[in-house]
Every structure is written in structure tokens, then in C-alpha cells.
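Asker: What follows is a single structure, and I will ask about it in a moment.
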Amino acid sequence: APQFNWEDPLNAKNLLTEEELAISEMAERYCQEHLAPRVLQAYRDEHYDPKILQEMGELGLLGATIKGYGCAGVSTVASALITRAVERVDSGYRSGMSVQSSLVMGAIHDFGTEELKEKYLPQLAKGKIIGAFGLTEPNHGSDPGSMETTAREHPTKQGYYLLKGSKTWITNSPIADVLVVWARLQETGKIRGFLVDRSMCPPGALETPAIKNKTGLRASITGMIHLEDCPVPKEHMFPDVEGLKGPFTCLNSARYGIALGVMGALEDCIARARTYALERRQFKGNPLAKYQLVQKKLADATTDAAYGVLAAIQVGRLKDEGKATPEMISMIKRQNCDRALWNARVLQEIFGGNAVSDEYHIGRHVANLYVTQTYEGQSDIHTLILGRAITGIQAFV
Ligand code: TGC
Ligand code: FAD
Numbered sequence: 032a033p034q035f036n037w038e039d040p041l042n043a044k045n046l047l048t049e050e051e052l053a054i055s056e057m058a059e060r061y062c063q064e065h066l067a068p069r070v071l072q073a074y075r076d077e078h079y080d081p082k083i084l085q086e087m088g089e090l091g092l093l094g095a096t097i098k099g100y101g102c103a104g105v106s107t108v109a110s111a112l113i114t115r116a117v118e119r120v121d122s123g124y125r126s127g128m129s130v131q132s133s134l135v136m137g138a139i140h141d142f143g144t145e146e147l148k149e150k151y152l153p154q155l156a157k158g159k160i161i162g163a164f165g166l167t168e169p170n171h172g173s174d175p176g177s178m179e180t181t182a183r184e185h186p187t188k189q190g191y192y193l194l195k196g197s198k199t200w201i202t203n204s205p206i207a208d209v210l211v212v213w214a215r216l217q218e219t220g221k222i223r224g225f226l227v228d229r230s231m232c233p234p235g236a237l238e239t240p241a242i243k244n245k246t247g248l249r250a251s252i253t254g255m256i257h258l259e260d261c262p263v264p265k266e267h268m269f270p271d272v273e274g275l276k277g278p279f280t281c282l283n284s285a286r287y288g289i290a291l292g293v294m295g296a297l298e299d300c301i302a303r304a305r306t307y308a309l310e311r312r313q314f315k316g317n318p319l320a321k322y323q324l325v326q327k328k329l330a331d332a333t334t335d336a337a338y339g340v341l342a343a344i345q346v347g348r349l350k351d352e353g354k355a356t357p358e359m360i361s362m363i364k365r366q367n368c369d370r371a372l373w374n375a376r377v378l379q380e381i382f383g384g385n386a387v388s389d390e391y392h393i394g395r396h397v398a399n400l401y402v403t404q405t406y407e408g409q410s411d412i413h414t415l416i417l418g419r420a421i422t423g424i425q426a427f428v
């Protein structure tokens, strides 16, 4: 007879192929053996070890959906099972990887010339070079369409643009070798994508200071990008994409990865809270797990995690069949991030005072999940994207 499994309540495994199961198991093993032991110290020190991307690269975990260029060419669901495994350890580790895979390799793969793909994708796939993605600016976060960063023809040096402006809250920027920067082309007023290679920038033209003392996502590195008339060769502008469609196409993949990723963080909270509730005793020697109020917290979180995993698998399948819409991705990104944050926060209560010690890990997940609900479109922005699709009326402006 079928047995209920609290770790996979709706038997999502049943929907996965043999290959997806194998990739998931391999990624989970790497993350538990090699990432979990270092996350506590990394989070305390606000330190991101770039070797992590090399380790992931050696296992074929980066840019995993891309076919060719040294990438694994796996299904969308398989790539999101990787983000879920990484985020079970820490959202910051998943963040560093998502930017490299979906936002940088994805942009080069979808929009770059063949020369750019051959030059950069294999090295990014191995984690030998690191990428960042600059869309958000100090004055324009939810509304990137109003960005102020510009690109103009170099007045004296033929074949170059000059980039000028600032980006902020950019994952990986302080350690990035290549930065995908979105800027408004002065000639046309249209947003275009540029691949800025740090090794080609003269001193002072590109600065990427770190943003320190974050209250979440401390195991990832975040910074700014300052471009002061930075010369970029014309071949480094993505040729065939104009407007917000460029960055948002990359964001569709990254948002998808987050939707299953955050379920990993929530599942880790559930597993830890369950263990704690079974071990901790209060009132006549009863484990906390005996109390109905505690059981409700575990039941709610487990239900939301199970629903979230199924919805993400369904949208991943549709994405590979070319049938997914951006609104579907907004729906699962919003719902899964919101439910992960809400449930993690409630499960935190089970740990009582011990939740305040970082050694119980729950506080770290709660702080990280706030960020996941905020970046790549804050949840209320996704609400408005859905509201627009439902009513036909846009409510942003
Ligand atoms: P709107 O008029 O809606 O669209 C402008 C153009 O873009 C196209 N488009 C999309 N194309 C593909 N996929 C999507 N999801 C798309 N969404 C829009 C659209 O078709 C249109 O094309 P065209 O050809 O007609 O010009 O634009 P709007 O200015 O009204 O935008 C509104 C809004 C709120 C939807 C949008 O700006 C938004 O989503 N804001 C949120 C900003 C955001 O997500 N920023 C992410 C920054 S990157 C990041 O956070 C990385 S963190 C990574 C990590 O560390 O893991
Ligand atoms: P704002 O746009 O100022 O919004 C503030 C609040 O107002 C939000 O709750 C929002 O929902 C609400 N709001 C805004 N407009 C409306 C409206 N019309 N109606 C109702 N409510 C509204 N960006 C990148 O480009 N690349 C990265 O790699 C990257 N990494 C990040 C890493 C971290 C750790 C963090 C914190 C952020 C990162 N971001 C990155 C930036 C992130 O995408 C933005 O923070 C996010 O898009 C929100 O923009 P904002 O912070 O400017 O908030």
C-alpha cells in the first residue's frame, strides 16, 4: 500500500524522469556534503567563496539547460531541481548560481553573437569566470523601464560605445569578470544589453564596490556597478534584442528557478522544525510535536511546500514545450516565495529562544527568504502583473 512521505507528500518524484532524479540526487549530495558544512561561517563572515562556482561547474550544474558550449543540456525541471538542492542549504548560494546560469549565461546564449557565446559560455559553465547582471539602479528598481544608465557612440574611438551610470544591489558584481549591463542607447532611446568584460576596461571606468553589512543573503556577495564613460566594443552589444524584453526573457528563467529553489529552503525549515519538535520536551515530558498548535504549523508548511513543488514542475514542463507564459512564472514565483517566507517565519516559533541562535539555521532562512520575495520582481509587482493579465487593466502607474 502507498505510504505517506512527509518529505514528498504528493509524490512529486513520480513526475520526474530517471535523468532528473539522478541529477537531483547528485546535486543534493554535493550541496549537503560540500556547501552545508561551510554555510554557517560564510554567513557570519559575510563571505562568498568563488570556488563554489568552480565546484558547481565541474559537476555540470551551471547553465545546465543550455545545449552545447560545455553545458549539460538538461530539462528546465532538472535545472530547477539543482536550484532547489542549493537553496536547501542557502538562498545566497542559489543566488550566486542563478545569476551565473540564468541571467548571464542565459543572456549570452539567447542574445549574444556566436563569437561571444564561444568565447564566454564554456568558461562561465566551468565557473572559471564569474558573471553579474545589472538591471536595478539606485532610483529604479521595480520600474527598470525608467533606467538612467546610457550608452553613446565613442566620440573618437570607432567601434566603441561609452557606458555611463550606476547599478545597485547587484549579486556577484564585486567579483565578476563579466557584467551584463542594461543601458539606454542614446541614438534610439531604446534599452540594450552590453557584455562588459572587466579585463577590457581602463582603470577607473568600471568600479564594483561591495554592499556590506546585509541583514540577509549574507553568504552571497552583492555590490554596485559604477560606469564612468566605460568603453565597450560594439560587438559586445547584444545585436537582436531591444527594450525590456531582453532582461525580462532572462528573468523568466531565473524567476522559474527561484520558484522551485525556495521550496528547498522551506523543506529544510520543515525538516529542522520537525526534528526539533520531536526532541524538545515541555509540560510533563511531552515532545512539542505532540501539541496540536505545533502540528498545525508543520501541516500548513508541508502542504504549501508540496503544492509549490507540483506547480513548479508543471510550469517547467510547459516551458520546455514552449507553452509557458510569463504570468505563469509570476504566479509561481510570487506564491512560492510568499509561502516559503510566511511558513519559515511560523516554523521559527517552534524553536523558541533557540531560534535566535544561528546554529539552528532557521533565522538565516527567514532572513534570506525576505530577499527572495523582493528581488526579481517584489511579490506585489507580480500581483500587479497577474492583475493586469486577469483584468486587462495595468495598475503600475
Ligand atoms: P511592460 O510594458 O510590461 O513590458 C515592456 C516590454 O517587455 C516585455 N516583457 C516581457 N518579455 C518577456 N518576458 C517577460 N516576463 C516580460 N515582461 C514584459 C513586454 O512584452 C514589452 O515588450 P515590447 O516589445 O512591447 O516593448 O513593462 P513595464 O515597464 O510596464 O514593466 C512593468 C513591470 C512591473 C512588469 C516590470 O518592470 C517588472 O517586472 N519589474 C520588476 C523588476 C525586476 O524584476 N527586476 C529584477 C532585477 S534582476 C534581479 O533582481 C536579480 S536577483 C538575482 C539573484 O541574486 O538571484
Ligand atoms: P522599489 O521599486 O523601490 O519598491 C519598494 C516597494 O514598493 C516594494 O514593496 C514594491 O513592491 C513596492 N512598489 C513599487 N512600485 C509599486 C507599484 N506601482 N504599486 C505597488 N507597489 C509598488 N538587481 C539586479 O539587477 N541584479 C541583481 O543581481 C540583483 N541582486 C539583488 C540581490 C539582493 C540581495 C537584493 C536585495 C536585491 C537585488 N537586486 C538585483 C535588486 C532587486 O531586483 C530590487 O531590489 C527589486 O527589483 C525591488 O526594487 P527596489 O529595491 O528598488 O524597490
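Per full-length UniProt numbering, the sequence shown starts with residue 32, numbered consecutively.
Note that CB positions come from ideal geometry on N, CA and C, so glycine has one too.
Can you grab the Cα-Cα spacing for the pair H392 / S204, in whole Å?
Answerer: The residue labelled residue 392 in the question sits at position 361 within the sequence shown. The residue labelled residue 204 in the question sits at position 173 within the sequence shown. About 26 Å.
Asker: Identify the continuous alpha helix (DSSP H) that holds G277 and give its terminal residues.
Answerer: Here residue 277 corresponds to residue number 246 of the sequence shown, with the count starting at 1. First-last of the alpha helix (DSSP H) with G277: K276 to E310.
Asker: Is it the case that the CB of I363 approaches a heavy atom of the ligand TGC more closely than 7 Å?
Answerer: Taking the first residue of the sequence shown as 1, we reach residue 363 at position 332. No, since every heavy atom of the ligand TGC falls outside the 7 Å radius drawn around the Cβ of I363.
Asker: What's the gap between the Cα of V70 and the Cα of I424?
Answerer: Walking along the sequence shown from the start, residue 70 turns up at place 39. Walking along the sequence shown from the start, residue 424 turns up at place 393. C-alpha separation (whole angstroms): 44 Å.
Asker: To the nearest angstrom, report how far apart Q154 and D208 are at their CA atoms.
Answerer: Locating residue 154 in the sequence shown gives position 123, where the first residue counts as 1. Locating residue 208 in the sequence shown gives position 177, where the first residue counts as 1. When rounded, the distance between both Cα atoms is 11 Å.
Asker: Excluding the five sequence neighbours on either side, which residues of its own chain have a C-beta within less than 6 Å of the C-beta of V101, listed in chain order?
Answerer: Start at 1 with the first residue of the sequence shown, and residue 101 comes out as number 70. First, the amino acid is wrong: residue 101 is Gly here, not Val. Excluding sequence neighbours, G101 sits near P153 and A156.
Asker: Which same chain residues, not among the five before or five after I360, have their C-beta less than 6 Å away from its C-beta?
Answerer: As a first step, residue 360 must be located in the sequence shown, where it is residue number 329. Closer than 6 Å at Cβ, skipping near neighbours: N283, R286 and Y287.
Asker: Give the DSSP bridge partners of W213, in chain order.
Answerer: Counting from one through the sequence shown, the residue named residue 213 turns up at place 182. For W213, which the question treats as bridged, DSSP gives the partners G224.
Asker: State yes or no: is the C-beta of A332 within less than 8 Å of the C-beta of L291?
Answerer: The residue labelled residue 332 in the question sits at position 301 within the sequence shown. The residue labelled residue 291 in the question sits at position 260 within the sequence shown. No, the pair does not count as a contact, with Cβ atoms beyond the cut-off.
Asker: Measuring CA to CA, which of V402, R395 and I113 is closest to C368?
Answerer: On the sequence shown, position 337 is the one that residue 368 refers to. Minimum Cα distance to C368 is reached at V402.
Asker: Secondary structure at M178, three-state DSSP: helix, strand or coil?
Answerer: Working through the sequence shown from its first residue, we reach residue 178 at position 147. It is coil, neither helix nor strand.
Asker: Residue 443 by DSSP, collapsed to three states: which one?
Answerer: Nothing about residue 443 can be read from this structure; the chain reaches only from 32 to 428.
Asker: May I have a chain-ordered list of the alpha helix (DSSP H) segments no shorter than 4 residues that lie completely inside the region 87 to 117?
Answerer: None, since the region 87 to 117 contains no complete alpha helix (DSSP H) of that length.
Asker: Just the Cα atoms here: how many angstroms apart are A95 and S126?
Answerer: One-based indexing of the sequence shown puts residue 95 at position 64. One-based indexing of the sequence shown puts residue 126 at position 95. Going from the Cα of A95 to the Cα of S126 covers about 15 Å.
Asker: Please indicate yes or no: does the CB of G176 lie closer than 7 Å to some heavy atom of the ligand TGC?
Answerer: To locate residue 176, count along the sequence shown from 1; it is residue 145. For the ligand TGC, at least one heavy atom lies less than 7 Å from the Cβ of G176.
Asker: What's the call for S129, buried or exposed, on a 16-neighbour Cβ count within 10 Å?
Answerer: Along the sequence shown, read from residue 1 onward, the residue named residue 129 stands at position 98. S129 comes out buried.
Asker: Does the beta-carbon of A426 have 16 or more other beta-carbons within 10 angstroms, so that it is buried, or is it exposed?
Answerer: Translated into the one-based positions of the sequence shown, residue 426 becomes position 395. Burial call: exposed.
Asker: Could you tell me which residues DSSP puts in a beta bridge with T253?
Answerer: Counting from 1 along the sequence shown, the entry for residue 253 is found at position 222. The partner list for T253 (beta bridge, DSSP) reads T202.
Asker: Does the Cβ of L112 have 16 or more other Cβ atoms within 10 Å, making it buried, or fewer, making it exposed?
Answerer: As a position in the sequence shown, residue 112 is number 81, starting the count at 1. Flag for L112 reads buried.
Asker: How about Q131 and I161: are their beta carbons less than 8 Å apart?
Answerer: By one-based count along the sequence shown, residue 131 stands at place 100. By one-based count along the sequence shown, residue 161 stands at place 130. Their beta carbons are under 8 Å apart, which means Q131 touches I161 by this criterion.
Asker: Here's a check: name, in chain order, each residue in its chain whose Cβ is nearer than 8 Å to the Cβ of E89, leaving out the five neighbours to either side.
Answerer: Translated into positions along the sequence shown, residue 89 becomes position 58. K157 and G158, listed in sequence order.
Asker: Touch check for the region 262 to 270 and the region 184 to 198: three-plus C-beta pairs under 8 Å?
Answerer: Segments in contact, yes.
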